[in-house]
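What follows is a short report on a single structure.
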Amino acid sequence: HYEKEIDDIDSKLVQLLNERAKRVLGVARIKRREKMGYYSPGRERSILNRLVKENEGPLSNENLSEIIRFILKVSLSLEKKLKVVYFGPPATFTHLAAMQNFGQEVNLVPAKSIAGFVASTYLRGINFLLVPTTLLAQVDASVGGKVGVDLPAGKNLIGSFYQPKFVYMDLETLKTLGSRQIREGLAEIVKHGVIKDKELFYYLEKKVGRVRNLDKEVAQFIIERSVRIKAVVVEEDEREEKGRRQVLNFGHTIGHAIEGAMEYKEYTHGEAAKPA
1 HYEKEIDDID
11 SKLVQLLNER
21 AKRVLGVARI
31 KRREKMGYYS
41 PGRERSILNR
51 LVKENEGPLS
61 NENLSEIIRF
71 ILKVSLSLEK
81 KLKVVYFGPP
91 ATFTHLAAMQ
101 NFGQEVNLVP
111 AKSIAGFVAS
121 TYLRGINFLL
131 VPTTLLAQVD
141 ASVGGKVGVD
151 LPAGKNLIGS
161 FYQPKFVYMD
171 LETLKTLGSR
181 QIREGLAEIV
191 KHGVIKDKEL
201 FYYLEKKVGR
211 VRNLDKEVAQ
221 FIIERSVRIK
231 AVVVEEDERE
241 EKGRRQVLNF
251 GHTIGHAIEG
261 AMEYKEYTHG
271 EAAKPA
C-alpha cells in the first residue's frame with residue numbers, strides 16, 4: 001500500500017520538476033533578451049528561506065535545504081551552464097569548495113592565474129594594463145593579447161584573445177632576475193630572430209656576453225626589436241584565423257608537451273620551448 005503511494009508521489013514529483021524546468025527555461029529566454037545575469041544568489045536565498053519556513057517535517061530543515069539547493073543548481077544549468085574557475089589543481093580544498101557551492105552541473109576549471117582571463121570575461125570585458133617584470137613576460141606574454149590558464153590536460157586550454165589597454169615595461173625590473181629567468185626570456189628573443197629577423201639573430205650571437213648580462217643598451221635594443229617582430233605578426237593574424245601567427249609557435253608544440261608532462265614544475269616555459 002505504502003509502496004504504491006510512494007510510487008505515485010514520485011511520478012508527481014517528476015511532473016512537477018519538469019513543469020518547473022519549463023518555467024526556468026522561459027525565465028532564461030527573458031534573461032537572454034534583456035541581457036540579464038543568470039546567477040542570482042539573492043533569489044536562491046529567498047527561495048530557500050521561504051521553503052524552510054514552510055517545512056512541517058518529518059524532513060529536517062537541513063535535509064530539505066540540501067534537496068532544494070540541488071534542484072536550484074540543476075535549474076541554473078538549464079538556463080546556462082556556468083564556468084566556475086577555482087585556484088589550484090583538482091581535489092584541492094578550493095575544488096571541493098567549488099563543487100559544494102555550485103554542484104557538478106557546472107564546468108569546474110582549475111587555474112593558476114586568471115587575471116587576464118577574468119578581465120576578458122567580466123562584464124564582457126574590462127580595461128586592464130600589464131606591467132611585465134620578467135624578460136619572458138616583456139617579449140612574449142605581454143604582447144599579442146592571449147590570456148588563458150593551463151589545465152592538467154594541457155597548456156592554455158582555457159582562454160581568449162583580449163588586448164590590454166597598454167603595456168608598461170621597466171628595464172630596471174630585469175635587475176632582479178636570476179640567470180635562469182634571463183635565459184628563458186633570451187630563448188624567446190632568439191626564437192624571434194630565427195623566424196623573422198636574421199639581423200637580430202646575428203646581433204645576439206655577436207654580443208653574447210653583453211646579452212647574457214642584459215647590458216642596458218643591449219637589453220633595450222633586443223627587447224624593442226623582439227616586441228616589434230611579434231607585434232607585426234599579431235597585427236596580421238590576431239586571432240590565429242589565417243595561419244600566419246603559427247610561426248610564433250616555433251618550438252612551442254613540443255615545448256608545451258614537455259611542460260605538461262612535467263606538470264609545469266621541472267622546466268620553465270622558455271626552457272621547454274627554446275629552439276635548440
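Residue numbers are given in full-length UniProt numbering: position 61 of the sequence shown equals residue 61, and the series is strictly consecutive.
For glycine and all other residues, C-beta sits at the position ideal for the given N, C-alpha and C.
With at least 16 other beta carbons inside 10 angstroms of its own, E259 counts as buried. Proximity of the region 180-193 to the region 138-147 meets the contact definition, three or more beta-carbon pairs being nearer than 8 Å. Boundaries of the alpha helix (DSSP H) around R228: 216-236. Taking T268 as the centre and dropping the five residues before and after it, the same chain places the C-beta of E184 closer than 6 Å to its C-beta, in chain order. Excluding sequence positions up to five before and after L171, its CB lies within less than 7 Å of the CB of K216, A219, Q220, all in the same chain and listed in chain order. Membership of G26 in the alpha helix (DSSP H) is indicated by the continuous run 2-34.
Bounds of the alpha helix (DSSP H) holding V194 are 179-196. The C-beta of L13 has fewer than 16 other C-beta atoms within 10 Å across all chains shown, which makes the residue exposed. Between the alpha carbons of R239 and E205 lies a gap of roughly 32 Å.
Using a Cβ distance threshold of 8 Å, V233 and V247 count as a contacting pair.
With 16 or more other CB atoms across the displayed protein chains lying within 10 angstroms of its CB, T134 is buried. Residue environment analysis places A231 among the exposed positions, since fewer than 16 neighbouring C-beta atoms fall within 10 angstroms of its C-beta. For A257, the enclosing alpha helix (DSSP H) covers residues 252-261. Under a 10 Å Cβ-count criterion, G178 is classified as exposed, with fewer than 16 other Cβ atoms of the shown protein chains found around its own Cβ. Here L59 carries a coil assignment [DSSP, helix/strand/coil]. In the three-state reduction of the DSSP assignment, S65 falls in the helix class, which pools H, G and I. Each residue's CA atom was taken as its position, placing E188 and H252 some 10 Å apart. DSSP links L130 through a beta bridge to V167. In the three-state reduction of the DSSP assignment, K73 falls in the helix class. Here the C-alpha atom of R210 lies approximately 14 Å from the C-alpha atom of Y202. Our two residues, L214 and I182, have alpha carbons roughly 8 Å apart in a direct line. Per DSSP, V247 lies in no alpha helix (DSSP H) segment and is marked neither H nor E. Shown here, N107 sits in a strand according to DSSP, grouped into three states.
In the DSSP assignment, the residues bridged to K146 are F161.
Judged by beta-carbon spacing, F128 lies within the 8 Å limit of K165, meaning their Cβ atoms are closer than that value.
A Cβ-Cβ separation of about 10 Å leaves I222 out of contact with D197 under the 8 Å criterion.
In this chain, R239 is not harboured by any alpha helix (DSSP H), its DSSP state being neither H nor E.
Listed in chain order, the non-local C-beta contacts of E271 below 6 Å within the same chain comprise E184, local neighbours out to five positions each way being set aside. Under the three-state reduction of DSSP, T176 is assigned to helix.
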